[in-house]
Amino acid sequence: MDMFSNLALGFGVALTIKNLGLCFLGCMIGTLIGVLPGVGPIATIAMLLPITFGLDPVGALIMLAGIYYGAQYGGSTTAILVNIPGEATSVVTVLDGHQMARNGRAGAALGIAALGSFFAGTVATLVIAALAAPLTRVALLFGPAEYFSLMVMGLIFAVVLARGSVVKAVAMVLCGLMLSTVGQDLETGADRMTFSWPELSDGIDFATIAMGMFGFAEILRNLENPETRDVLKNRIGSLLPNWGEMKQSILPVLRGTSIGAALGILPGNGAVLGPFASYTMEKKLAKDPSRFGKGAIEGVAGPESANNAGAQTSFIPLLTLGIPPNAVMALMVGAMTIHGIVPGPQVMEKRPDLFWGMIASMWIGNLMLLIINLPMIGIWVKLLKVPYRMLFPSILMFCCIGIYSVNNNPFDVMITAFFGLVGYAFIKMGFEVAPLLLGFVLGKLMEEYLRRSILMSRGDWSVFVDVVNRPISAALIGIAVVLIIISFLPSITKKRESVFVE
Amino acid sequence: MQDDKVGTADEARGFIKSPQDMFAGLFIIAFGLFCLWASSNLTGGRGANLGPGSFPRGLSFLLMGVGAVIVVQALTVVGPRLEAWSIRGPIFVLGAVLIFAATIRGTTLNIPGIGRTELLPPLGLLVAGPLTLVIASLASNERNWLQTLIFAAAMTAFCILLFKVALRLPIPVAPWAGW
Numbered sequence: 142m143d144m145f146s147n148l149a150l151g152f153g154v155a156l157t158i159k160n161l162g163l164c165f166l167g168c169m170i171g172t173l174i175g176v177l178p179g180v181g182p183i184a185t186i187a188m189l190l191p192i193t194f195g196l197d198p199v200g201a202l203i204m205l206a207g208i209y210y211g212a213q214y215g216g217s218t219t220a221i222l223v224n225i226p227g228e229a230t231s232v233v234t235v236l237d238g239h240q241m242a243r244n245g246r247a248g249a250a251l252g253i254a255a256l257g258s259f260f261a262g263t264v265a266t267l268v269i270a271a272l273a274a275p276l277t278r279v280a281l282l283f284g285p286a287e288y289f290s291l292m293v294m295g296l297i298f299a300v301v302l303a304r305g306s307v308v309k310a311v312a313m314v315l316c317g318l319m320l321s322t323v324g325q326d327l328e329t330g331a332d333r334m335t336f337s338w339p340e341l342s343d344g345i346d347f348a349t350i351a352m353g354m355f356g357f358a359e360i361l362r363n364l365e366n367p368e369t370r371d372v373l374k375n376r377i378g379s380l381l382p383n384w385g386e387m388k389q390s391i392l393p394v395l396r397g398t399s400i401g402a403a404l405g406i407l408p409g410n411g412a413v414l415g416p417f418a419s420y421t422m423e424k425k426l427a428k429d430p431s432r433f434g435k436g437a438i439e440g441v442a443g444p445e446s447a448n449n450a451g452a453q454t455s456f457i458p459l460l461t462l463g464i465p466p467n468a469v470m471a472l473m474v475g476a477m478t479i480h481g482i483v484p485g486p487q488v489m490e491k492r493p494d495l496f497w498g499m500i501a502s503m504w505i506g507n508l509m510l511l512i513i514n515l516p517m518i519g520i521w522v523k524l525l526k527v528p529y530r531m532l533f534p535s536i537l538m539f540c541c542i543g544i545y546s547v548n549n550n551p552f553d554v555m556i557t558a559f560f561g562l563v564g565y566a567f568i569k570m571g572f573e574v575a576p577l578l579l580g581f582v583l584g585k586l587m588e589e590y591l592r593r594s595i596l597m598s599r600g601d602w603s604v605f606v607d608v609v610n611r612p613i614s615a616a617l618i619g620i621a622v623v624l625i626i627i628s629f630l631p632s633i634t635k636k637r638e639s640v641f642v643e
Numbered sequence: 175m176q177d178d179k180v181g182t183a184d185e186a187r188g189f190i191k192s193p194q195d196m197f198a199g200l201f202i203i204a205f206g207l208f209c210l211w212a213s214s215n216l217t218g219g220r221g222a223n224l225g226p227g228s229f230p231r232g233l234s235f236l237l238m239g240v241g242a243v244i245v246v247q248a249l250t251v252v253g254p255r256l257e258a259w260s261i262r263g264p265i266f267v268l269g270a271v272l273i274f275a276a277t278i279r280g281t282t283l284n285i286p287g288i289g290r291t292e293l294l295p296p297l298g299l300l301v302a303g304p305l306t307l308v309i310a311s312l313a314s315n316e317r318n319w320l321q322t323l324i325f326a327a328a329m330t331a332f333c334i335l336l337f338k339v340a341l342r343l344p345i346p347v348a349p350w351a352g353w
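Below, the structure is given as structure tokens:
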């Protein structure tokens, strides 16, 4: 089978001592930073990006993927032990995970989260390996019009799935697209909106926006809300769930994995829905739904598996189509570009070692998480007790050094401070900034495809909805329109609110 | 995330039902106008050939449209008030970042009439590090000078070991001593 020979190639690359070491280091540092309260995966990856600069591309991407999984898992640990969800996807874990911890079953909750995630990661790795080749072939059929429509649909997905107001999310996407146009025009070389600042003619660096709006703005917000950290004082207890808990968890893990994996593939941030969908499903299927919210192990096992499966399958749109589905994947694009790799269908053909090596290292990374986390949980608990007044200057320092190192240019650091202020203002105005990041990353490509499509159609704007000649593009636009309409239906709006409130 | 005060709908509100949205909408409209002005010197292109100005200009109009929708929402749907801005956090946190940027490699400005003038010599991480950490610490309400100073020294040493020694990033540590 093709898929297995490819995976064998991948494991050949990933199992070298050096790459194993990098994967281990990535998982380790990722968990270390991700466990800190108030530091989500996006901030973690943005902060740690520069430490991969000196590596070769394969090593760098393996390490970054490790950092990503580590950060994800670290977030779950914080959710269970401290009752602070690091990011949207671990909101659900808090509900029953923290209750389990209060009932003295913290160990079991952490254990089942790790085991479920590992299982989900294994399945998701196989899904990626199986779907990558056929999807890449589909991608080769895409012309500029299809790509443009696909990106429109992806952005609409992201908008509909963002927290808070849909209209405000649209505004953020537009701001992101706008920021991406700053700098020299690719076709004519004209300076756009640079105000004659030579520093701006190369465009705004992605890392400065990411770190400013996520790293710095987050710090400013956390400083305002006096901390109420409810670190667990109970014993953690045995990390292995007992037999009864294991049996209760098997089906939720299986269901969570399938939901998460399926939603993660969607362009647009589908992965974020996985844990919510899984939790709702488990609650509906349970014999006694009232146990949920009081420490039901199904409420940890299902969503955690869904979370990890989605985190991993969201690599699929990035690796096959070159379109990042969420802010984390947008960061991955930034990292790939720094190493001179343009993500997209051509990566698999031109750099099979990199492509399959990264996929194989995903599975290894999941295995490592299991090995690292179970014995090291004591250290993470100590980290959770570091006071914020020491934490945030350190985070700030890492960010400064990180941004400076991207181009060895202090100007980038100043730009980041500016975006920190903008991000803080956005928070105050009730905007969610993740869609902005996505818009920014897709902006350059979108404009290029738009201009090419219009050029090829000789100025005919109906090319995107031409059902006869461009059915794929028309279908994608159709889906986007339907999504927008659905999101404004009153009944759905209510449901959406309740999902994000719960 | 933020405090949801949407529930307090009984509260008497005047003409503007949601001050936060009002501000947000006006901001987006203003940003759209600003971008329209900023891209006004770019050619828009005709027919099949979209120029460098087309995309930004189109986005400007979309931004203004969406901003207007948010404003209308602010006038019709009751929403949260505008939260107070803290001054201390932004000043010390972002100030610390700017100090880092200014000191790490020094600052030279091109002042008209005088030419390039060195405002700050390159100080390197050895100076920029503790400076940034101490200034940032001022943003917190709790203060313990001794602890802060020890922490700043230890953290700087850690950063030098991690980034310069272990990862070999080309960041200046002590340029005045040739490192």
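Line by line, the protein sequences are chains G and P. Using the working numbering, read the first sequence as starting at 142 and increasing by one per residue. Using the working numbering, read the second sequence as starting at 175 and increasing by one per residue. Just so you know, even glycine gets a beta-carbon here, dropped at the ideal spot from N, CA and C.
Per-residue burial, G:Lys-569 [other beta carbons within 10 Å of its own, 16 or more giving buried]:
buried
Could you please give the first and the last residue of the uninterrupted alpha helix (DSSP H) stretch that includes P:Gly-269?
262-278
Would you call G:Phe-145 buried or exposed, if buried means 16 or more other Cβ atoms sit within 10 Å of its Cβ?
exposed
Contact list for the stretch 312-334 of chain P against chain G, Cβ threshold 9 Å
Ala-313, Ser-314, Asn-315, Glu-316, Arg-317, Asn-318, Gln-321, Thr-322, Phe-325, Ala-326, Met-329, Thr-330, Phe-332, Cys-333
Compare the beta carbon distance of G:Pro-444 and G:Val-233 with 7 Å and say whether it is the shorter of the two.
yes
Hey, how far is the Cα of G:Ala-249 from the Cα of G:Leu-256?
10 Å
When the Cα atoms are used, what is the spatial distance from G:Ala-501 to G:Val-154?
8 Å
DSSP three-state call for P:Ala-183: helix, strand or coil?
A caution first: P:Ala-183 carries a pLDDT of 45, below 50, which makes its placement in the model unreliable, though a value can still be read off. Correct three-state label for P:Ala-183: coil.
Could you please tell me which residues of the stretch 152-183 of chain G, in chain order, have their CB closer than 9 Å to any CB of chain P?
Under the 9 Å Cβ criterion, the stretch 152-183 of chain G contributes no residue.
So, with DSSP's three-state summary, where would you put G:Glu-439?
Helix at G:Glu-439.
Please go through the same chain and pick out, in chain order, the residues whose beta-carbon is closer than 6 Å to the beta-carbon of G:Arg-611, but skip the five residues on each side of it.
Ala-286
Check whether the Cβ atoms of G:Val-300 and G:Val-307 lie closer than 7 Å to each other.
yes
G:Leu-236 lies in the beta strand (DSSP E); which residues open and close that run?
Counting along the chain, G:Leu-236 sits inside no beta strand (DSSP E); it lies in the alpha helix (DSSP H) bounded by residues 232-241.
Residues in its own chain within less than 7 Å of G:Leu-591 by CB, not counting five upstream and five downstream?
Result list for G:Leu-591: Phe-289, in chain order.
Alpha carbon of G:Ala-247 to alpha carbon of G:Ala-265, nearest angstrom:
26 Å
Alpha carbon to alpha carbon, what distance is there between G:Asn-383 and G:Gln-240?
Here the C-alpha atom of G:Gln-240 lies approximately 17 Å from the C-alpha atom of G:Asn-383.
Using a Cβ cut-off of 7 Å (strictly closer), state whether G:Pro-275 contacts chain P.
Not a single C-beta of chain P is nearer than 7 Å to the C-beta of G:Pro-275.
Taking CB distances under 7 Å as the criterion, tell me whether G:Lys-134 reaches chain P.
Lying before the first or after the last residue shown, residue 134 of chain G is absent from chain G, which here runs from 142 to 643.
May I have the straight-line CA-CA distance separating P:Ile-190 from G:Met-555, to the nearest angstrom?
36 Å
Burial state of G:Arg-333, where buried means 16 or more other Cβ atoms lie within 10 Å:
buried
Contact the stretch 193-213 of chain P vs the stretch 250-263 of chain P: 3+ CB pairs below 8 Å:
Touching, yes.
DSSP state of G:Ile-253 mapped onto helix, strand, coil
helix
Between which two residues does the beta strand (DSSP E) harbouring P:Leu-293 extend?
289-294
Segment limits, alpha helix (DSSP H) that includes P:Leu-283
Taken as a continuous stretch (DSSP letters only), P:Leu-283 belongs to no alpha helix (DSSP H), being part of the beta strand (DSSP E) at 281-285.
What do you get for P:Pro-286, buried or exposed, if any count of 16 or more other CB atoms within 10 angstroms of its CB means buried?
Residue burial is scored here from C-beta neighbours: P:Pro-286 has fewer than 16 other C-beta atoms within 10 angstroms and is therefore classed as exposed.
Quick check on P:Leu-224: does DSSP put it in helix, strand or coil?
strand
Chain-ordered residues of the stretch 318-343 of chain G with a beta carbon less than 8 Å from chain P:
Leu-318, Met-319, Thr-322, Asp-326, Glu-328, Thr-329, Ala-331, Arg-333, Met-334, Phe-336
DSSP beta-bridge partners for G:Asp-332?
BP columns for G:Asp-332 point to G:Gln-325.
Would you mind telling me which residues of chain P sit closer than 8 Å to G:Thr-557, beta carbon to beta carbon, in chain order?
Val-271
Taking the C-alpha atoms as reference points, what is the distance between G:Ile-457 and G:Ala-273?
7 Å
Nearest-angstrom Cα separation, counted from P:Gly-263 out to G:Pro-534
12 Å
What's the call for G:Lys-491, buried or exposed, on a 16-neighbour Cβ count within 10 Å?
exposed
Would P:Leu-233 and G:Leu-341 be called neighbours here (beta carbons separated by less than 7 Å)?
Their beta carbons are not under 7 Å apart, which means P:Leu-233 does not touch G:Leu-341 by this criterion.
Taking only beta-carbon positions, decide if P:Ser-213 is within less than 7 Å of chain G.
yes
Spatial distance of G:Cys-540 from G:Asp-346 (CA atoms):
14 Å
Do G:Ala-206 and G:Thr-185 have their C-beta atoms closer together than 7 Å?
no
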